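Residue 35 is where the sequence shown starts when you use my numbering, and the numbers rise one by one after that.
Data block below; observations after.
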Amino acid sequence: RGGVVKATLPADESGEESEEISKKKNVFQMAKSSFTSLQPVTRVFLSLVLMCNVVEVACSPFLDAKEFFVANYSRTLLNLELWRPLTSAFYLGPISMHWATNLYFLITYGSHLEAVNGTAEQVIFLLVAFLGVSTLGALIGLPVVSTCLISAMIYSSSRIDPLATIPFQFGLQIPRWLLPYALAVVDFLQAGSPIAAVPHVVGILAGHFYSFNRITVPLMGGGDWLKAPNWLKRRLDGEAPPNYMEEPEKKK
35 RGGVVKATLP ADESGEESEE ISKKKNVFQM AKSSFTSLQP VTRVFLSLVL
85 MCNVVEVACS PFLDAKEFFV ANYSRTLLNL ELWRPLTSAF YLGPISMHWA
135 TNLYFLITYG SHLEAVNGTA EQVIFLLVAF LGVSTLGALI GLPVVSTCLI
185 SAMIYSSSRI DPLATIPFQF GLQIPRWLLP YALAVVDFLQ AGSPIAAVPH
235 VVGILAGHFY SFNRITVPLM GGGDWLKAPN WLKRRLDGEA PPNYMEEPEK
285 KK
């Protein structure tokens, strides 16, 4: 009997170890499949956000991330610290509930906006929004504009089917167009200061600038100057521009 017990115990232990390994593999595969299923630009944006936090954690003994990543335009120009405008757009702060919430908004509304408009249009949107929030952020002294950029995504995404209702906090149902303003109010109430709503306001302004010039102005007969160029669409979306010089096929 003793020999049987001795023979079975290692088998049980090895079985438990194999189950743990298989569970870890399943979790890794699920995370990998979820990451690869994201839209291309959203996936790159998410990677840059996570990279900032990896650098923050790995270099924490000798690097102050809050000082290294934030926008400081005098140091950017005088000391040629050219990474600061970019890192201020991707650094969401230390890992916290606020960080996780912004990450959720980035994945949800960034992917939605890109899936509807296409990857090329998303690139142009992010460039315009980045220039907008960086300019406004420099004028009012915002050290980090990543929340502003995500707020611009939420605003532009909310303009797609704006009257559709979506779930919000405390079981409330609100129209989609109201979401960016509701999030600004929530941050204001949580912080107890109107300053907490400033990044949302900056993002809403940048998102409105893009949406107005990309959608409203062309509908009013103006030029569509923020439309993604055809070469970029061919490169990223695989779409060929229509050939208006081609003669239509004659019906037989």
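Backbone N, C-alpha and C fix where the C-beta goes; we use that ideal spot for every residue, glycine too.
Remember, predicted model here, so these are calculated numbers, not experimental data.
Range covered by the beta strand (DSSP E) that runs through residue i
| i | result |
| --- | --- |
| I200 | 199 to 201 |
| I208 | 207 to 209 |
Buried/exposed call for residue i, threshold 16 Cβ in 10 Å
| i | result |
| --- | --- |
| R193 | buried |
| I174 | exposed |
| G237 | buried |
| G241 | buried |
| L43 | Interpretation of L43 is limited by its pLDDT of 45, a score under 50 that renders its predicted location unreliable; no figure is taken from the coordinates. |
| A225 | exposed |
| T181 | buried |
| Q73 | buried |
| F159 | buried |
| G272 | exposed |
| L111 | exposed |
| S67 | exposed |
| S130 | exposed |
Beta-carbon proximity check, residue i vs residue j, cutoff 8 Å
| i | j | result |
| --- | --- | --- |
| L197 | P209 | yes |
| G144 | M85 | no |
| A105 | P214 | no |
| L183 | V162 | no |
| L147 | S191 | yes |
| S75 | F124 | One point to set straight first is that residue 75 is Val, not Ser, in the sequence displayed. Contact: no. |
| A172 | Y107 | yes |
| V157 | L270 | yes |
| R109 | E101 | no |
Residue nearest to residue i in terms of C-alpha spacing, selected from the options
| i | options | result |
| --- | --- | --- |
| Y189 | T142, N113, V88 | T142 |
| L126 | L116, E115, F139 | F139 |
| F164 | P233, S227, W211, F96 | P233 |
| W133 | N87, F69, S71 | N87 |
| L170 | V251, A99, G257, L239 | L239 |
| P17 | R248, G256, G255 | Residue 17 lies beyond the stretch modelled for the chain, which goes from 35 to 286, so this question has no answer here. |
| R118 | F103, M131, S130 | F103 |
| S185 | N60, G256, D195, A230 | A230 |
| V235 | A99, E90, V179, L97 | V179 |
Terminal residues of the alpha helix (DSSP H) in which residue i lies
| i | result |
| --- | --- |
| T76 | 74 to 92 |
| A149 | 145 to 151 |
| W133 | 131 to 139 |
| N264 | 264 to 270 |
| V178 | Premise fails: V178 is in no alpha helix (DSSP H) and is neither H nor E. |
| T121 | 118 to 124 |
| G241 | 232 to 245 |
| K100 | 99 to 103 |
| S108 | 107 to 112 |
| P214 | 213 to 225 |
Pairwise C-alpha distance: residue j and residue i
| i | j | result |
| --- | --- | --- |
| K261 | Y244 | 10 Å |
| V78 | N136 | 16 Å |
| L266 | A149 | 16 Å |
| K128 | A92 | According to the sequence displayed, residue 128 carries Pro and not Lys. Each residue's alpha carbon lies about 12 Å from the other. |
| E281 | T153 | Model confidence at E281 stands at a pLDDT of 46, short of 50, so the residue's coordinates are unreliable; what they give is reported in the following sentence. For E281 and T153, the distance between alpha carbons rounds to 30 Å. |
| N151 | F246 | 15 Å |
| V220 | I200 | 16 Å |
| Q207 | A216 | 11 Å |
| P95 | L120 | 23 Å |
| N113 | S122 | 17 Å |
| Q287 | T70 | Because the chain here runs from 35 to 286, residue 287 falls outside it and cannot be looked at. |
| G205 | L212 | 15 Å |
| D258 | V251 | 7 Å |
| A218 | S227 | 11 Å |
| G255 | L97 | 52 Å |
| E90 | A99 | 5 Å |
| F202 | E155 | 28 Å |
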